[in-house]
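S.K.: In this note's numbering, the protein residues as written are 1 to 223.
A virtual CB, placed ideally from N, CA and C, is assigned to each residue, including glycine.
As the structure is a computational prediction, the values presented were derived from the model and not from experiment.
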């Protein structure tokens with residue numbers, strides 16, 4: 001299932017959601033223009049490398065934020081931006097533009113710290129908007145538990161759309177990441193080498209912090 005749009009109309013233009021999407025696309029277009037050596041250097045400078053954050057926090061803390069605008073491939077970028085497009089607009093409306101931006105970046109930074117905590121001396125760069133977007137999903141789940149989302153469904157060679165409760169899509173996302181995160185811990189315990197892969201614990205952390213922080217930012221304020 002791939003979300004297309006939610007069925008809750010908004011009364012404002014979600015400028016910051018659009019702006020964040022635009023920034024991510026521009027940064028990725030810059031990435032694809034780089035040679036492999038230049039790209040590695042770019043990631044080394046702006047992605048979050050846990051070992052470097054652990055040993056040199058004073059100079060590396062900005063990567064908690066810059067890493068949120070980097071992506072490792074077209075599918076990584078597109079899937080993240082679609083979820084932000086679908087779920088971000090209603091959260092921006094409820095929080096207000098500027099508080100939404102602060103909420104988004106804070107969830108992303110805290111999500112990155114969750115992944116860092118799992119492997120403080122890993123040299124594998126951590127990057128992507130997934131942690132921040134997970135925070136948006138957590139906020140959406142508790143604010144619009146009855147909402148429905150029009151979703152693209154692939155049935156072999158056939159493609160159709162159906163209306164699915166947002167709770168189902170977000171719930172599947174969270175459960176998959178919890179299971180994968182636990183399995184990644186088990187795998188790490190049984191291996192003597194570092195392994196790369198999806199930052200599951202950033203997703204989980206972002207989601208949990210989204211649930212916790214969004215009411216503080218005014219998610220349930222009266223109109």
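I need the straight-line Cα distance from residue 65 to residue 130, nearest angstrom please.
M.R.: When rounded, the distance between both Cα atoms is 12 angstroms.
S.K.: From the DSSP output, in three-state form, read off residue 27 for me.
M.R.: It is helical.
S.K.: What is the DSSP secondary structure of residue 247, reduced to helix, strand or coil?
M.R.: Look at the range of the chain in this structure, 1 to 223, and you will see that residue 247 is not part of it.
S.K.: Using DSSP with H/G/I as helix, E/B as strand and the rest coil, what is residue 121?
M.R.: Here residue 121 sits in coil by DSSP.
S.K.: What is the rounded straight-line gap between the Cα of residue 174 and the Cα of residue 38?
M.R.: One C-alpha to the other measures close to 35 angstroms.
S.K.: Is it a yes or a no for the region 105-125 touching the region 47-57, going by three-plus beta-carbon pairs under 8 angstroms?
M.R.: In short, these stretches touch, since the Cβ pair count reaches three.
S.K.: Taking the C-alpha atoms as reference points, what is the distance between residue 153 and residue 163?
M.R.: Each residue's Cα considered, the two are about 10 angstroms apart.
S.K.: Beta strand (DSSP E) containing residue 95: first to last residue?
M.R.: It is not in any beta strand (DSSP E) - residue 95 instead sits in the alpha helix (DSSP H) that spans 74-95.
S.K.: Kindly identify the DSSP beta-bridge partner or partners of residue 165.
M.R.: Answer is 148, bridged to residue 165.
S.K.: Taking the beta carbon of residue 145 as the centre, do at least 16 other beta carbons fall within 10 Å, making it buried, or is it exposed?
M.R.: Residue 145 should be labelled exposed.
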